[in-house]
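Below is one structure, written out as structure tokens; the observations come after it.
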Amino acid sequence: MQANVSGSPMAVLEVVLESPEERLLVEAGKTAWMDHTVQMRTTAMGHGGILGALKRAAGGGPWFWSELSGSGRVGIAATLPGSIESIDLRGTQGVLAHRSAFLAGSGGVHVGLGFQKQLGAGLFGGDGFLLQHLSGDGTAWVQLGGSFVAYDLPAGQTLLVHPQHVGMFDAQMSFEITMVRGIRNRLFGGEGLFFCRLQGPGRVYCQSMAVPQLAQDLEPYLRPSRA
Numbered sequence: 003m004q005a006n007v008s009g010s011p012m013a014v015l016e017v018v019l020e021s022p023e024e025r026l027l028v029e030a031g032k033t034a035w036m037d038h039t040v041q042m043r044t045t046a047m048g049h050g051g052i053l054g055a056l057k058r059a060a061g062g063g064p065w066f067w068s069e070l071s072g073s074g075r076v077g078i079a080a081t082l083p084g085s086i087e088s089i090d091l092r093g094t095q096g097v098l099a100h101r102s103a104f105l106a107g108s109g110g111v112h113v114g115l116g117f118q119k120q121l122g123a124g125l126f127g128g129d130g131f132l133l134q135h136l137s138g139d140g141t142a143w144v145q146l147g148g149s150f151v152a153y154d155l156p157a158g159q160t161l162l163v164h165p166q167h168v169g170m171f172d173a174q175m176s177f178e179i180t181m182v183r184g185i186r187n188r189l190f191g192g193e194g195l196f197f198c199r200l201q202g203p204g205r206v207y208c209q210s211m212a213v214p215q216l217a218q219d220l221e222p223y224l225r226p227s228r229a
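Per my numbering: the sequence shown = residues 3 to 229.
Rendered as structure tokens:
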């Protein structure tokens, strides 16, 4: 299996399946094009049966998969302006990623609920802070909003990240949701009430585009005009 990412700001992942034994899992509806030699099978279960499907849905993942096999090229379009990164999950505890991160994965990849916490409707549209857990024996491709910066934190080093800018981090890292210090900062700081506190060792991907903030900025332009 070979993969290539092209395009900006709406990136495209192209995967070439080289043998009938290879499998590519894609969330249903995200396959943009494919060679006629590629076979598609839609399944509602995937890994873990009904319980696994419920966990994936709770984690922002798909109810339905498109399982692609055969030999040929597949094009998968990102749903967010930004970047697509490949993560080799073999021999690791996996990664925790934002709710819309998973784009595609080889046959051994699992998608589940990693973490969920309600942080207030005013900050997150009522959905709270939710992370997918990507794990298994294979490669996952994830989409990150806007540009990203990756930090490799040594043991004991801590990084505070606004929840909307948490793109992805290694699952073995210590993390917690912490409240911004100081009443003045909470009321007038403009960064919200919470930060995600991440502690090394491990790698953190911070994404520049916060989708909830983007939606909030666009909302005035989406209101119907009054005559």
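Quick reminder that beta carbons are idealized off the backbone N, C-alpha and C, glycines included.
Contact between the region 217 to 226 and the region 165 to 184 is absent: fewer than 3 CB-CB pairs across the two stretches fall below 8 Å.
In this structure, the alpha-carbon of H100 lies about 18 Å from that of G138.
As the crow flies, the alpha-carbon of G72 is around 16 Å from that of G110. F150 and L162 have their C-alpha atoms some 15 Å from each other.
Beta-bridge pairing by DSSP links V7 to L15.
Counting along the chain, the unbroken beta strand (DSSP E) around Q209 starts and ends at 204 to 209. In this structure H38 is exposed. Its beta-carbon is surrounded by fewer than 16 other beta-carbon atoms within 10 angstroms. The three-state secondary structure of L91, taken from DSSP, is coil. In summary, G202 is buried, with 16 or more beta-carbon neighbours lying within 10 Å of its beta-carbon over all protein chains present. Beta-bridge partners assigned by DSSP to H135: L98, G114. With contacts defined by Cβ atoms closer than 9 Å, V76 and V144 do not form a contacting pair. In the three-state reduction of the DSSP assignment, L146 falls in the strand class, which pools E and B. Judged by beta-carbon spacing, C208 lies within the 9 Å limit of A152, meaning their Cβ atoms are closer than that value.
Under DSSP, R225 forms no beta bridge with any residue. In terms of Cβ geometry, A106 and L136 do not form a close pair [threshold 9 Å]. If you draw a straight line from the Cα of M36 to the Cα of G74, it comes to about 7 Å. Linking G84 to L15 through their CA atoms gives a straight-line distance of about 12 Å.
Across the set G148, P156, A79, the C-alpha of P156 shows the shortest separation from the C-alpha of V206. Annotation for M42: the continuous beta strand (DSSP E) segment containing it runs 40 to 45.
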